[in-house]
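Residue numbers (our numbering): 4 to 348.
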Ligand SMILES: Cc1cc2nc3c(=O)[nH]c(=O)nc-3n(C[C@H](O)[C@H](O)[C@H](O)COP(=O)(O)OP(=O)(O)OC[C@H]3O[C@@H](n4cnc5c(N)ncnc54)[C@H](O)[C@@H]3O)c2cc1C
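Rendered as structure tokens:
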């Protein structure tokens, strides 16, 4: 059969799909009904099918920023759209179109191999390209929004494919228009704009200490440094289940920061782009004595207080129970609310 003439094969339907290996916490979870999406053209039929059956639905990428319950009712869309290509180039930038299901870290490697630097600070972040704009992934002083030109998505509300320019995506710290409108957009492709004039971004303390003062590291050296720091600090999800940072760094008004500083002179914080102050959530959790603590099968990672881990056999309820204890203690101690970063399904 000539598929080019007849369109792509319909999305593969998989009932009762085990997701233990598709969520980095390693929770024992299964999806009642999964649709494997390998091409954008499959999506309208899938959404219409879901609507006809009045099912709830959600999108799952690599599962590295989700907290899954034992059973996911309704439909789960598995994003497996691949493909990456240079689509344009002008005096200022090179433009890349990348499928939503492409592995993020592999894309970073591919860009460096093709002499297209820019994304090196974001090396080794798990997950897919389609999920990267959802919470505007960031690390070591760089956010993915810095390199996004536009997003191709299916808008389930309007029942149409849309192109959102960067300005329409309302990117902010771990936030975007997509995150603010859950169950609406299915990101099929991200168009990146990688500037032709490259500048090292090593101002972030952890990264800066990897280089001699005044040195001018290459993109590859920054890539290797970022990988080295991450490997040292963060637990490998294939060894111990986790979803990276569990809490966002809370942003507080300058006055509240100054009051806290009077009683906690070693408070760790960073200036925020909006003139407020971003507190280091890891420091707050650590000060409350949680680092390395265990509660049943879940706990706080011994080398990084911001990472909650599944020691094996833990569940969504267990990790959310531990999170609540931490949130309560931090609020009582510092008057600051910690927001959970992973998406609770
Ligand atoms: C060890 C570790 C380290 C991490 N370090 C960082 C870090 O440094 N910085 C950082 O920002 N994050 C970090 N994370 C979090 C995570 O890697 C990112 O949020 C990543 O972008 C999630 O990608 P994913 O494909 O796994 O998304 P999933 O976990 O599958 O989904 C996350 C959310 O995005 C939605 N989604 C996924 N794909 C799509 C799509 N195509 N269209 C629409 N919605 C979609 C899902 O519905 C869900 O709400 C880390 C996680 C781990 C486990």
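We treat Cβ as the ideally placed atom computed from N, Cα and C, and that holds for glycine.
- Sixteen is the threshold: when 16 or more other Cβ atoms of the shown chains lie within 10 Å of the Cβ of residue 82, as they do, the residue is buried.
- Taking a C-beta distance under 9 Å as the contact criterion, residue 14 and residue 80 qualify as a contact pair.
- Residue 263 counts as buried, since at least 16 other C-beta atoms from the protein chains shown sit within 10 angstroms of its C-beta.
- About 11 Å separates the beta carbons of residue 120 and residue 220, which is beyond the 8 Å limit, so they are not a contact pair.
- Rounded to the nearest whole angstrom, the CA to CA distance from residue 16 to residue 292 is 46 Å.
- DSSP places residue 98 within a strand segment (E or B) once states are collapsed to three.
- Per DSSP, the continuous beta strand (DSSP E) segment holding residue 87 begins and ends at 87–92.
- Annotation: the continuous beta strand (DSSP E) that includes residue 156 extends over 151–158.
- At a Cβ-Cβ threshold of 9 Å, residue 344 and residue 248 count as neighbours.
- The stretch 276–290 makes contact with the stretch 306–324; the number of CB pairs closer than 8 Å reaches 3 or more.
- Residue environment: residue 102 is assigned as buried (16 or more neighbouring CB atoms within 10 Å of its CB, all protein chains considered).
- Proximity of the beta carbon of residue 36 to ligand 1 is not indicated: no heavy atom of the ligand is located closer than 8 Å.
- In this structure, the straight-line span from the alpha carbon of residue 270 to that of residue 330 is close to 17 Å.
- Pairwise C-beta distances place the stretch 19–26 in contact with the stretch 62–72, as three or more of them are shorter than 8 Å.
- Residue 133 has its alpha-carbon roughly 13 Å from the corresponding atom of residue 148.
- Restricting attention to 200, 111 and 173, the CA atom closest to the CA of residue 92 is found in 200.
- Leaving aside the five residues that flank residue 85 on each side, the residues in its chain whose CB is nearer than 7 Å to its CB run, in chain order, 102, 104 and 105.
- Excluding sequence positions up to five before and after residue 53, its CB lies within less than 6 Å of the CB of 60 and 78, all in the same chain and listed in chain order.
- Between residue 326 and residue 28 a beta carbon distance of about 12 Å is seen, past the 8 Å cut, so the two are scored as non-contacting.
- Contact between the stretch 252–259 and the stretch 224–237 is absent, with fewer than three C-beta pairs closer than 8 Å.
- Residue pairing by DSSP puts residue 20 in a beta bridge opposite 34.
- Judged by DSSP secondary structure, residue 168 falls within the beta strand (DSSP E) whose first and last residues are 163–168.
- Not one heavy atom of ligand 1 sits closer than 8 Å to the Cβ of residue 45.
- When rounded, the separation of the alpha-carbon atoms in residue 251 and residue 277 is 16 Å.
- In this structure, residue 248 has its CB closer than 8 Å to one or more heavy atoms of ligand 1.
- Counting only the Cα atoms, residue 189 lies some 9 Å from residue 46.
- In terms of Cβ geometry, residue 217 and residue 314 do not form a close pair [threshold 9 Å].
- Uninterrupted alpha helix (DSSP H) stretches at least 4 residues long and entirely within the stretch 188–265 occur at 208–211 and 222–236, given in chain order.
- Along the stretch 34–75, the beta strand (DSSP E) occurs as fully enclosed runs of 3 or more residues at 60–63, listed in sequence order.
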